[in-house]
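What follows is a single structure, written as structure tokens, with notes after it.
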Amino acid sequence: MKILTLESSSLSASVCVTEDTRLLAQSFQNCGLTHSATLLPMIDHVMTTSQLTLDDIDAVAAVTGPGSFTGIRIGVATAKGIADARDLPCIAVSSLAGAAWNVALTDRVICPVMDARRSQLYNALFACTGGALERLTPDRLIVRADLKKELISLGKSVLLVGDGAQMCYNEFIGCEALDVALAPPGLVFPCAHGAAMEAHRLAQEGHLLSAAQLLPCYLRQPQAVRERLAREAAQTPETTTKE
């Protein structure tokens, strides 16, 4: 099964083409350019270098979250457009599971972390057994201090991966009760190949969606929505009393 996978959940972005678990081509950038300017050229690049066309693709996978609201919207919208135009099935991939696949040969507890701002993280925990991931927690929004306590309570070695890994490592490394390591520089950021490995697993289990069913999964409301709701809550409704 040939899958075109888009990863745009963080500051970096990447695209790859895989056939089952074999990587055919991948493009990655972490230079600060917006995903709206990079995703389509990267798709064109991986299709050209793999000597394939979109007609050869069997499914389109996109990271649907959690992560950057704008990045996720761009990636999901691009995947939906490609899939809808060719009536291809879609696969919704967790950014955290995709990041965990980057380091799926470790015997440590895999701890993907993405900076959600306001002292919060997008996080999940995984274990690796025989080259396959076992999910230990759902994707979640968690305060850094609570994650630290949970990792200490596990009593196991931990490997941090994701765009929030360096920040967490700097905070956790001084804790004697926590054995923590940082993923290698080339593996720490989310990439399309990791997401494609999760997409392959999901496809094998029959988790295929239509283009219309492929939707972002933010875990919390976008800032604009939160601010609007706060303004509405702060407004006192006018009441009139008739005598």
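Heads up, the sequence shown is in the numbering used here, so the first residue is 123 and it goes up one at a time. All C-beta atoms, glycine included, are put in the ideal place defined by N, C-alpha and C.
Rounded distance between the beta-carbons of residue j and residue i, thought under 8 Å
i: L218; j: P234; result: 4 Å
i: A333; j: C138; result: At roughly 20 Å, the Cβ-Cβ gap does not stay under 8 Å, so A333 and C138 are not in contact.
i: E129; j: P338; result: Wrong, their Cβ atoms sit about 14 Å apart, outside the cutoff.
i: E320; j: G220; result: 5 Å
i: L258; j: A267; result: Actually they do not touch by this definition, with Cβ atoms about 19 Å apart.
i: I194; j: G187; result: 5 Å
i: D177; j: K124; result: Contact doesn't hold; Cβ gap of about 10 Å is too wide.
i: S136; j: A314; result: 4 Å
Coarse secondary structure for residue i, derived from DSSP in three states
i: F311; result: coil
i: N245; result: strand
i: R262; result: strand
i: G187; result: strand
i: S217; result: helix
i: M169; result: helix
i: Q288; result: helix
i: I295; result: coil
i: S149; result: strand
i: T127; result: strand
Option nearest residue i by Cα separation, candidates the options
i: L146; options: S134, Q326 and I165; result: I165
i: V185; options: A356, A355, Y340 and Q357; result: Y340
i: L133; options: T160, K124, H322 and D142; result: T160
i: L162; options: T192, T200, Q151 and Q335; result: T200
Distance, residue j Cα to residue i Cα
i: L126; j: I274; result: 38 Å
i: E141; j: L309; result: 21 Å
i: R262; j: K270; result: 14 Å
i: P260; j: S216; result: 10 Å
i: L174; j: E327; result: 26 Å
i: A305; j: A356; result: 44 Å
i: L243; j: A325; result: 28 Å
i: C78; j: T143; result: Only positions 123 to 365 of the chain appear in this structure, which leaves residue 78 out of reach.
i: C290; j: I204; result: 36 Å
i: C153; j: S172; result: 24 Å
i: M169; j: S149; result: 10 Å
i: A226; j: S279; result: 14 Å
i: L330; j: A214; result: 8 Å
i: C297; j: R323; result: 36 Å
Any non-hydrogen atom of the ligand PLP within 8 Å of residue i CB
i: T160; result: Within the structure as shown, the ligand PLP is missing, as the structure has no ligands at all.
Say whether the stretch 279 to 286 touches the stretch 223 to 234, bearing in mind that this needs 3 or more beta-carbon pairs closer than 8 Å, one atom from each stretch. yes
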